[in-house]
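Visitor:
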Amino acid sequence: MNILEWLKVLLLGIVEGLTEWLPISSTGHMILVDEFVHLNVSDDFMEMFLVVIQLGAILAVVVLYFWKLWPFTSPSKGWIKKDTWSLWFKVIVAVLPAALIGIPFDNQIDALFYNYQTVALMLILYGVLFIIIENRNRTRTPSINSFQELTYPTAILIGVFQVLSLIPGTSRSGATILGAILLGTSRYVATEFSFFLAIPVMFGASLLKLVKFGFHFTGTEIAILLVGMLTAFVVSILAIKFLLGYIRKNDFKAFGYYRIVLGILVLVYFILS
Numbered sequence: 025m026n027i028l029e030w031l032k033v034l035l036l037g038i039v040e041g042l043t044e045w046l047p048i049s050s051t052g053h054m055i056l057v058d059e060f061v062h063l064n065v066s067d068d069f070m071e072m073f074l075v076v077i078q079l080g081a082i083l084a085v086v087v088l089y090f091w092k093l094w095p096f097t098s099p100s101k102g103w104i105k106k107d108t109w110s111l112w113f114k115v116i117v118a119v120l121p122a123a124l125i126g127i128p129f130d131n132q133i134d135a136l137f138y139n140y141q142t143v144a145l146m147l148i149l150y151g152v153l154f155i156i157i158e159n160r161n162r163t164r165t166p167s168i169n170s171f172q173e174l175t176y177p178t179a180i181l182i183g184v185f186q187v188l189s190l191i192p193g194t195s196r197s198g199a200t201i202l203g204a205i206l207l208g209t210s211r212y213v214a215t216e217f218s219f220f221l222a223i224p225v226m227f228g229a230s231l232l233k234l235v236k237f238g239f240h241f242t243g244t245e246i247a248i249l250l251v252g253m254l255t256a257f258v259v260s261i262l263a264i265k266f267l268l269g270y271i272r273k274n275d276f277k278a279f280g281y282y283r284i285v286l287g288i289l290v291l292v293y294f295i296l297s
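In this text, residue positions in the sequence shown follow the working numbering: the first is 25, and each later residue adds one.
In structure tokens form, the structure reads like this:
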């Protein structure tokens with residue numbers, strides 16, 4: 025591959041790392057970028073690459089939150105961290121709805137909804153919802169301000185909202201954050217819980233795509249995957265730190281406006297092209 029092709033891989037990794045954690049739909053951005061930036065690879069590899077590159081983004085969460093997510097401690101403290109085990113059980117419970125629907129219907133969902141019309145409409149719809157919900161919450165006080173206060177029924181309901189993200193353009197983080205805020209969590213808890221839900225969800229999605237593609241790679245294909253994942257990892261760390269700092273003082277309405285503008289641009293571009 026020439027230098028231009030490697031620059032394309034880097035660009036895709038940057039887009040993935042930025043958009044996976046911000047509630048603006050990584051799929052919507054990837055569709056746009058893919059329209060202008062075509063890697064010289066097979067369609068099957070490209071489909072797999074756009075999902076498996078998420079493993080780099082997952083690693084960023086694991087690194088940043090390792091001690092918060094690591095469930096073991098020293099013998100003097102009893103070996104296990106009860107709050108951390110409780111958090112993981114809540115994550116597992118919240119993942120189940122999306123797994124029960126996403127795994128058996130993965131191909132059907134892609135066939136029905138992976139198109140620019142659906143992506144654009146979901147970008148706009150959830151952009152409007154972010155603005156409406158944040159305006160509604162302006163005078164409300166969150167009832168859930170820590171993971172200890174997050175109950176299992178609430179975790180399951182957040183998982184139900186995550187099912188909506190199976191439709192391209194919705195944004196996994198966007199759906200879970202909106203759902204969690206509606207259920208009474210603070211923006212910070214909603215955002216961090218969305219990060220943690222991504223670990224099993226994105227790992228599972230990547231594994232499915234790898235199995236579907238097969239594990240027969242050329243040396244160049246392996247290099248493309250590694251460069252894309254490494255880039256997504258580095259950019260994800262920056263994106264996560266930015267988002268957590270941003271929501272300490274701001275709401276999500278700016279992301280809502282951005283989604284609406286992007287959705288309109290996607291519609292206009294594909295209608296006129």
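Just so it is clear, CB atoms sit at the ideal spot from N, CA and C, and this is done for glycine as well.
(1) Is the beta carbon of S49 closer than 8 Å to that of A198?
(2) Taking the alpha carbon of S260 as the reference point, which residue from L31, W45, G287 and W30 has its own alpha carbon closest?
(3) Tell me the rounded alpha-carbon separation between V235 and L174.
(4) Alpha carbon to alpha carbon, how far is I168 from L56?
(5) Between K106, V251 and K114, which lies nearest to G37 when the distance is taken from Cα to Cα?
(6) Could you tell me how far apart the beta carbons of P121 and Q186 are, in whole angstroms, since I believe they sit closer than 8 Å?
(7) For the alpha helix (DSSP H) holding H53, just list the boundary residues, first then last.
(8) So for I168, helix, strand or coil by DSSP?
(9) Report yes or no: do the stretch 287-294 and the stretch 152-160 share at least 3 C-beta pairs separated by less than 8 Å?
(10) Would you check if the distance between the CB atom of A256 and the CB atom of A81 is smaller than 8 Å?
(11) List the residues that DSSP assigns as beta-bridge partners of T244.
(12) According to DSSP, which residues form a beta bridge with F7?
(13) Applying the criterion that 16 or more other CB atoms from any shown protein chain within 10 Å of the CB defines a buried residue, is L31 buried or exposed?
(14) In this structure, how does DSSP classify F96 when only helix, strand and coil are distinguished?
(15) Assuming I127 is part of the alpha helix (DSSP H), what are its boundary residues?
Guide: Working from what's here:
(1) A quick correction: the sequence has Gly, not Ala, at residue 198. It is a contact, given that the beta carbons lie within the stated cut-off.
(2) W45
(3) 35 Å
(4) A straight-line Cα-Cα distance of about 37 Å links I168 and L56.
(5) V251
(6) 7 Å
(7) S50 to F60
(8) It is a strand residue.
(9) no
(10) yes
(11) As far as DSSP is concerned, T244 takes part in no beta bridge.
(12) Because the chain here runs from 25 to 297, residue 7 falls outside it and cannot be looked at.
(13) exposed
(14) strand
(15) Counting along the chain, I127 falls outside any alpha helix (DSSP H), and DSSP gives it neither H nor E.
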